[in-house]
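In what follows, a structure is listed as structure tokens, so that the remarks can point back to it.
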Amino acid sequence: TNVRLGTVGALLQVAALSGQMDAGLRRWLHAARPQVHFARVKVAGEQGGRMSAEGELLQAAFAPVGNAPGLSGLRGRLQGDAEGVQLDLEPAQVMRLDWPRGFGAPHDVHLAGRIMGWRDEAGGWRVETSAMRVQGTDYAADLRGGFWFQPNGRRPWINLAAKLDDAPMSAGKRFWIHSMMSRGATDWLDMALAGGHVRGGQGLVVGDLDDWPFDGNDGRFEASARIDRGQIRFQEDWPLMDEVDADIRFLANGFRIEGRGVLAGVQVQRFDAGIADFHDSLLTVNAASQGDAAKLVQLLRQSPLHAAYGSTLDNLVARGAATVDFGLRQPLRQGRGRKELRGSVQLSDARLQDKRWDLQFDGVNGRAEFTDGGFSAERLAVRHEG
């Protein structure tokens, strides 16, 4: 039998009226309005025997519903029978993934590869791919794995692994899952990840989607990459850190970044930053630097401390070795407490000069501590020669 064009969306709506269908699936079919269009369909079979079909899938689409995404533009060559189907994707076709409560903006991608679907012994359906190429506007990835649509009415079980192509760091901002991240967390990430490239990216998602985002050891969501020549801004009123070489890792409902960089000319040998839980959205930053005291003074002139100590910092001349430790704890959601900034500066045989008073101190040794409220330097020992 040859069928020029068929639409099964209306049949799916009728099927949703059946009392034998899971209630959750019936509600989804009513709301998502799935549409499937075929062309050049061939059906073969014998009376009382197995039937098979093949044809061209021109369009598969369904609307986003609640926290679930929508999809349109899926196209390819389809063949199968009652036990399983195979779809060879059309790489030139643009498929749109629309997940308003997840990614926010739609993703338009090209898909290349093969998708297999079959009924398992438990009565569910498995949909998998051994190799799929995903090409987005500024990112690309190779995927393998798939979904198990369980017969018990729960959400699908997911088992997907991804290998990401090198991409600009800005591409990562398209993948914030807004339904599980606070607005403060996404705003901070958008500001912080200012530039650079991510390389060697990998991702893994395993578990029952009823337990998403797997923050109770009930599954695994992990994505990691290397930041190359990155630019990161930890605070709007602090200078940009560039030349960042770091590892970034998203795990369950949080993330962490660890590496090194250059902050306003000051070498930062080690830093780490992260949000343990995107819902609570408590940002922590720790950093350590060892270098020239003169560059440290230049950095402080560009920091928020200049507002309170501008006259001193503008007239301070420093030379010698300085070791700096820096720590920040900042809630990114309102009502979660106040920002805490503290650190210390260790001077070793340094020279300090105040141009206003023509004062010079040589052989300065000791430790000065600072917070967002100012400095304390009770433990400094100096030799006055001015």
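If you read the sequence shown in the working numbering, its first letter stands for residue 15, the second for the next number, and so on. Beta carbons: idealized from backbone N, C-alpha and C, even for Gly.
Determine, using beta-carbon pairs with one atom in the region 121–139 and one in the region 150–170, whether at least three such pairs fall under 8 Å. Flag = yes, the region 121–139 and the region 150–170 touch.
Closest to Asn300 by CA distance: which of Val378, Thr326 and Val338 is it? Closest by alpha carbon: Val338.
To the nearest angstrom, report how far apart Val212 and Ile241 are at their CA atoms. The straight-line gap from Cα to Cα measures roughly 5 Å.
Do Phe189 and Phe235 have their C-beta atoms within less than 8 Å of each other? Pairing Phe189 with Phe235 gives a Cβ-Cβ distance that is not under 8 Å.
Glu104 burial status per 10 Å Cβ neighbour count (16 or more: buried): Under this definition Glu104 is a buried residue.
Asn329, DSSP secondary structure in three states: Three-state DSSP puts Asn329 in a helix.
Which residue wins for smallest C-alpha separation from Gln360, given the options Val280, Ala335 and Asp286? The alpha carbon of Gln360 has as its nearest neighbour, out of Val280, Ala335 and Asp286, the alpha carbon of Ala335.
Just to confirm, is the Cβ distance from Phe163 to Gly186 under 8 Å? Contact: no.
Outcome for Gln283 when other beta-carbon atoms lying within 10 angstroms are tallied against a minimum of 16: Label assigned to Gln283: exposed.
Starting from Arg110, follow the beta strand (DSSP E) in both directions and report where the run begins and ends. In the DSSP assignment, Arg110 falls within the unbroken beta strand (DSSP E) covering Val108 to Asp112.
Helix, strand or coil, according to DSSP, for Trp252 in the structure here? In this structure, Trp252 counts as coil in the three-state DSSP scheme.
3-residue-minimum beta strand (DSSP E) runs that sit fully inside the region 295–357, ordered along the chain: If one requires a minimum length of 3 residues, the beta strand (DSSP E) runs lying completely within the region 295–357 are 296–306 and 330–345, in chain order.
Is it buried or exposed for Gly215, if we count other Cβ within 10 angstroms and need 16 for buried? When all chains shown are included, Gly215 counts as buried.
Can you give me the C-alpha to C-alpha distance between Arg343 and Arg270, rounded to a whole angstrom? The alpha-carbon atoms of Arg343 and Arg270 are separated by roughly 14 Å.
Of the residues Gly221, Gly305, Ala237 and Gly275, which one's Cα is nearest the Cα of Ile246? For Ile246, the nearest C-alpha among the options comes from Gly275.
In terms of residues, what are the limits of the beta strand (DSSP E) holding Ala67? Counted as a single uninterrupted DSSP element, the beta strand (DSSP E) harbouring Ala67 occupies residues Met65 to Phe76.
Rounding to the nearest angstrom, what Cα-Cα distance links Gly62 and Asp180 in this structure? Distance between the alpha carbons of Gly62 and Asp180 is about 54 Å.
Taking Gly244 as the reference, give the member of Asp225, Ile262, Gly230 and Asp251 with the closest Cα. The residue among Asp225, Ile262, Gly230 and Asp251 with its C-alpha nearest the C-alpha of Gly244 is Ile262.
Do you know offhand how far Leu71's Cα is from Leu101's? Cα to Cα, Leu71 sits roughly 8 Å from Leu101.
Could you tell me the distance, in whole angstroms, from the CA atom of Gly221 to the CA atom of Pro120? If I take the Cα positions, the gap works out to 25 Å.
Rounded to the nearest angstrom, what separates Leu207 and Asp251 at their Cα positions? Taking the CA atoms as reference points, Leu207 sits about 15 Å from Asp251.
Sub-8 Å separation of Leu366 and Ala322 beta-carbons: No, the pair does not count as a contact, with Cβ atoms beyond the cut-off.
So, with DSSP's three-state summary, where would you put Ala199? Note: Ala199 maps to helix in three-state DSSP.
Would you kindly work out how many angstroms separate the C-alpha atoms of Arg352 and Pro345, rounded to a whole number? If you take the alpha carbons of Arg352 and Pro345, they lie about 7 Å apart.
From this set, Arg356, Asp306, Leu88 and Asp294, which residue's C-alpha is nearest Ala199's C-alpha? Ala199 has its Cα closest to that of Asp294, out of Arg356, Asp306, Leu88 and Asp294.
Taking the alpha-carbon positions, what's the Ala96 to Leu178 distance? Their Cα atoms are separated by approximately 35 Å.
Which residues does DSSP pair with Phe264 in a beta bridge? Paired residue(s): Ala237 and Phe269.
Between Gly98 and the rest of its own chain, which residues show a CB-CB distance below 8 Å, the 5 nearest in sequence each way excluded? Close CB contacts of Gly98 within its chain, under the 8 Å cut and outside five residues either way in sequence, are with Met130, Gly131, Trp132 and Arg133 (chain order).
Buried or exposed: which applies to Val406, given that a residue is buried once 16 or more other Cβ atoms fall within 10 Å of its Cβ? Because the chain is modelled from 15 through 400, residue 406 falls outside the range shown and cannot be assessed.
Coil, strand or helix - Lys369 by DSSP: Note: Lys369 maps to coil in three-state DSSP.
Apart from the five residues just before and just after Gly209, which ones in its own chain have a Cβ nearer than 7 Å to its Cβ? Within the same chain, Cβ atoms closer than 7 Å to the Cβ of Gly209 are found at Met183, Gly244 and Gln245, the five residues on either side in sequence being excluded.
Assuming contact is defined by CB atoms lying nearer than 8 Å, are Pro165 and Trp113 in contact in what I supplied? Inclusion of Pro165 and Trp113 in the CB contact set at 8 Å is not warranted, their separation being larger than that value.
Please find out if some non-hydrogen atom of the ligand GTP comes closer than 7 Å to the beta-carbon of Ala237. Absence of the ligand GTP from the depicted structure is noted, as is the absence of any ligand whatsoever, leaving it without description.
Mark Ser196 as exposed unless 16 or more other C-beta atoms lie within 10 angstroms of its C-beta, in which case mark it buried. Burial call: buried.
How many whole angstroms separate the CB atoms of Leu92 and Gly69, which I take to be in contact at a CB cut-off of 8 Å? Going by Cβ atoms, the distance from Leu92 to Gly69 rounds to 6 Å, so yes, they are a contact pair.
Neighbour-count burial assignment, Leu373, 16 or more Cβ in a 10 Å radius: Classification for Leu373: exposed.
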